[in-house]
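This note's numbering numbers the first residue of the sequence shown as 5 and each following residue consecutively. Positions of the beta carbon are idealized from the N, C-alpha and C atoms, including for glycine. In this text the structure is predicted, and so the values were computed from the model without any measurement. Down below is the structure, laid out as structure tokens.
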Amino acid sequence: MTTPSEGRRITVRMFPDYAGTVLWLGEPVGYERTGLTPELIRALQSWEESYYESLAPGLDWMSVDAAHRFTAEGNRLAGLVADELGERYDVAFTSYEDGAPAGIFHSPGPAGNAKAAAAFDALSAALHAKLNDEDRGQDPARQGEATGWYAWSPLSDTSFGPRPQEDGQ
């Protein structure tokens with residue numbers, strides 16, 4: 005298994021988004037794959053539930069206090085995740101509260117949870133390999149397609165790929 009190279013920090017993003025987890029590393033990361041302590045997983049789940057409970061039907065905050073609590077708890081939890089993962093990881097948290105600054109959290113020392121660091125090392129290596137395969141056009145689902153940048157329109161579920169090059173270009 006390839007582990008992250010020294011000096012290269014890996015960013016784990018943290019936000020609720022109806023994915024059954026608040027942790028993202030290229031894609032949602034299910035808690036069962038994280039190696040995080042059960043106490044921290046329960047706290048992350050509780051924080052996500054409190055977020056949905058704090059929203060009015062129009063997806064606005066029910067109160068300014070609810071938005072502040074969401075941000076404060078998100079910052080605290082991002083710091084705890086960073087401490088478990090250690091110095092090779094950044095945990096990015098941007099609150100949905102208006103005007104709240106984005107935060108990047110990291111531990112100044114080694115992983116407080118070796119099992120979690122190893123799990124995220126494996127997830128990062130798998131993501132890196134997948135992205136390299138896609139860059140080289142080796143994704144089996146896209147065999148024979150052109151490689152390059154793609155755009156996706158979520159409302160129409162349409163993907164826009166690179167234009168085919170004509171001979172001589």
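Three-state class that DSSP yields for Phe109 in the structure shown: Here Phe109 sits in strand by DSSP.
Cut-off 7 Å between Cβ atoms - residues of its own chain near Val33, not counting five sequence neighbours on either side: Cβ-Cβ distances below 7 Å link Val33 to Thr25, Leu27 and Leu127 in the same chain, with the five nearest sequence neighbours on each side left out; the list follows chain order.
Of the listed residues Gln49, Glu43, Phe19 and Val85, nearest to Ala123 (C-alpha basis): Of Gln49, Glu43, Phe19 and Val85, the residue nearest in Cα terms is Val85.
Closest by C-alpha distance to Val16, when choosing among Tyr22, Leu59, His110 and Glu77: Taking the Cα of Val16 as reference, the smallest distance to any Cα among Tyr22, Leu59, His110 and Glu77 is reached at His110.
For Pro32, three-class secondary structure by DSSP: The three-state reading of DSSP puts Pro32 in strand, counting E and B together.
C-beta contact flag for Ala120 and Glu88 at 8 Å: Closer than 8 Å, so yes.
For Val26, three-class secondary structure by DSSP: Three-state result, Val26: coil.
Cβ-based burial, Tyr22 [other Cβ within 10 Å; buried from 16]: Result: exposed.
Nonlocal neighbours in the same chain, by C-beta distance under 7 Å from Ser58, ignoring five residues either side: For Ser58, where only same-chain residues beyond five positions count, the Cβ hits under 7 Å are Trp65, Met66, Ala70 and Phe74.
Phe97 to Tyr55 span [Cα, whole Å]: Roughly 14 Å between the two C-alpha positions.
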